[in-house]
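First up is the structure itself, then whatever we jot down about it.
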Amino acid sequence: MSLLAKCPAANVTPLVSAPKLAEILGVAEIHIKDERKRMGLGSFKALGAAYVIACDAQKGLAKGRTYITASAGNHGLSVAAGAQAFGAKAIIFLSQTVPATFATRLTNLGAEVIRLGADYEASMKAAADMADQGGGILLSDSSWHGYVERPYRLMEGYGAMMGEIFDQMSDAPTHVFLQAGVGGLAGAAAACIRAHWSDSPRITVVEPDAAPALKASIEAAAPVVAPGPVSCMGRLDCKEPSLIALKGLARDADVFATITEQEAMQGAGMLVAHSLPSTPSGAAGLSAALCRCDPTMDRGSKVLLILSEEAQS
C-alpha cells in the first residue's frame with residue numbers, strides 16, 4: 457500500500473519458522489507471522505485505524521478532527537497514533553477490564569482516555585453516543601447496520617499484513633488459524649487468503665469460549681450477542697460480531713472454534729518457552745492448533761499462525 461510505504465515505521469514484520477513447535481504438534485511446518493513490533497505499537501492493529509486516518513489526511517480531512525472509539529487496547533493505540541501523526545485528536549473509551557498499561561500508552565500518544573463501562577460493548581456504546589451527539593467522528597473496528605464504510609477501510613489496512621505473508625511464503629499453508637474478537641483481523645485475512653490461495657488452506661476462526669460471538673452467530677445464521685464472563689484473552693473478549701467480518705467469514709472460513717481460559721494460557725506459555733512471548737490473545741491460534749480444533753491436521757500439514765500482539769508488561 458502506498459500510504460503504508462510512506463510511514464517511517466512501516467517495516468515488514470517477520471515470518472518465523474517454528475520447527476520445534478511443529479514437532480510438538482506433529483505437523484510438517486509451522487510458520488508464525490510475528491506482529492509484536494508492528495510500527496512500534498505492538499500489534500497488527502497498527503495497520504487499521506491509523507490507515508483510515510491516513511486516508512482522511514490524503515483527502516485533507518484529518519487535521520483538526522476528533523476521532524472517537526472504544527477499544528480493548530490495541531485498536532485504541534492505532535487511533536491515537538494516527539491522530540497524533542496527522543494533527544487530529546483521539547478520544548478513547550476503555551472499559552474497566554482494560555489494563556492500566558494501555559491507558560498510559562494511549563495518553564502518552566496524546567489521546568484523551570475515558571474509563572466507562574463494565575465491558576467492551578458498554579464502552580463502545582458510550583463512544584457511539586458521543587459521536588452521535590457531535591463530539592467527533594466514530595472510528596470503530598467493528599461494524600453494524602448503518603456503519604460499514606470506515607470499518608471496511610480499516611480491514612483493508614490489515615490486508616497489508618497478508619500481502620507480506622504472500623511474499624514471504626513460497627507455498628500455501630494447508631491450515632490457517634485466525635484469532636477473532638469482533639472479527640476484523642480474521643475477516644480481512646480470510647478474504648485475502650481466498651483471493652490469493654483460493655480454497656486450498658483450511659481456515660479456522662478462534663474465539664474465547666467466554667465470547668463466542670462469531671461461532672454463535674454462524675450457528676444461528678444471524679448476528680447474535682454471546683454474553684459470558686470476562687476472559688483472559690482481553691483483546692478477543694468481544695460479545696458482538698462485526699457485521700462485515702461475520703458476512704465474510706460465513707463465506708470464507710471452514711471451522712469456528714472456541715478455546716478455554718486454560719487452553720489459552722497453555723498456548724501462551726508454550727510461546728514463552730520458545731522465545732516468542734505474547735498474551736493469551738496473541739497465542740490463541742497456537743492454542744487452537746494444540747487442541748486440534750481442526751482435526752484434519754496431520755503429519756503433512758503446513759500451519760500458518762498470527763502472533764498478533766506483544767506480551768504485556
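In my numbering, the protein residues as written are 457 to 769.
Heads up, the beta-carbon is just placed ideally off N, CA and C, and yes, glycines get one too.
Only a predicted model underlies this, so the values are computations on that prediction, with no experimental measurement involved.
Residue-level contact to chain D via CB, residue i, 9 Å cutoff
i	result
residue 603	Included in the structure is just one protein chain, with no chain D present.
Residue i, enclosing alpha helix (DSSP H) - first and last residue
i	result
residue 609	605 to 624
residue 644	640 to 653
residue 663	Element bounds for residue 663: not the alpha helix (DSSP H) but the beta strand (DSSP E), 658 to 664.
residue 436	This structure does not reach residue 436, given that the chain is present from 457 up to 769, and the question cannot be answered.
residue 599	Counting along the chain, residue 599 falls outside any alpha helix (DSSP H), and DSSP gives it neither H nor E.
residue 471	No alpha helix (DSSP H) holds residue 471; the beta strand (DSSP E) holding it covers 471 to 473.
residue 582	576 to 588
residue 706	699 to 708
residue 695	That residue, residue 695, is in no alpha helix (DSSP H); it is neither H nor E in DSSP.
residue 672	669 to 676
residue 561	556 to 564
Proximity below 9 Å, CB of residue i to CB of residue j
i	j	result
residue 444	residue 634	Absent from the model: residue 444. The displayed extent of the chain is 457 to 769, so no value can be given.
residue 614	residue 503	yes
residue 759	residue 568	no
residue 639	residue 698	yes
residue 548	residue 526	yes
residue 506	residue 537	yes
residue 530	residue 493	no
residue 582	residue 570	yes
residue 617	residue 645	yes
Residue i - containing beta strand (DSSP E), residue span
i	result
residue 490	485 to 490
residue 569	568 to 571
residue 634	631 to 635
residue 758	758 to 763
residue 503	Element bounds for residue 503: n/a, residue is neither H nor E.
residue 549	545 to 550
residue 527	522 to 527
Inter-residue Cα distance where the pair is residue i and residue j
i	j	result
residue 514	residue 595	17 Å
residue 496	residue 706	33 Å
residue 734	residue 521	34 Å
residue 627	residue 572	46 Å
residue 584	residue 669	20 Å
residue 686	residue 650	33 Å
residue 471	residue 489	4 Å
residue 726	residue 761	14 Å
residue 751	residue 763	22 Å
residue 643	residue 661	9 Å
residue 518	residue 757	46 Å
residue 729	residue 481	15 Å
residue 703	residue 604	12 Å
residue 682	residue 598	15 Å
residue 467	residue 534	16 Å
residue 512	residue 551	27 Å
residue 600	residue 700	8 Å
residue 580	residue 755	44 Å
residue 469	residue 624	10 Å
residue 749	residue 713	6 Å
residue 744	residue 483	14 Å
residue 559	residue 528	10 Å
residue 677	residue 671	10 Å
residue 732	residue 621	18 Å
residue 464	residue 652	Summary for residue 464: the model assigns pLDDT 49, below 50, so the residue's position carries little reliability, and this model does not support an answer.
Residue from the options whose Cα sits closest to the Cα of residue i
i	options	result
residue 736	752, 665, 756	665
residue 684	765, 606, 574, 695	695
residue 711	555, 539, 631	631
residue 723	747, 562, 620	747
residue 565	552, 607, 541	541
residue 767	491, 476, 667	491
residue 742	715, 617, 605	715
residue 720	647, 703, 738	738
residue 693	493, 554, 478	554
residue 587	562, 546, 612	546
residue 487	629, 591, 688, 654	629
residue 637	646, 663, 654	663
residue 717	731, 689, 700	689
residue 539	556, 574, 529, 562	562
residue 592	622, 559, 544, 618	544
residue 607	667, 590, 641, 648	641
residue 589	559, 578, 524	524
residue 691	655, 498, 657	498
residue 789	667, 612, 708	The requested residue 789 is not part of the displayed model; the chain covers only 457 to 769.
Residue i Cβ short of 8 Å to the ligand FAD heavy atom set
i	result
residue 669	With respect to small molecules bound, the structure shown includes none, and the ligand FAD cannot be examined in it.
Which residue spans inside the region 712 to 749 form an unbroken alpha helix (DSSP H) run of at least 4?
-> 717 to 729, 740 to 746
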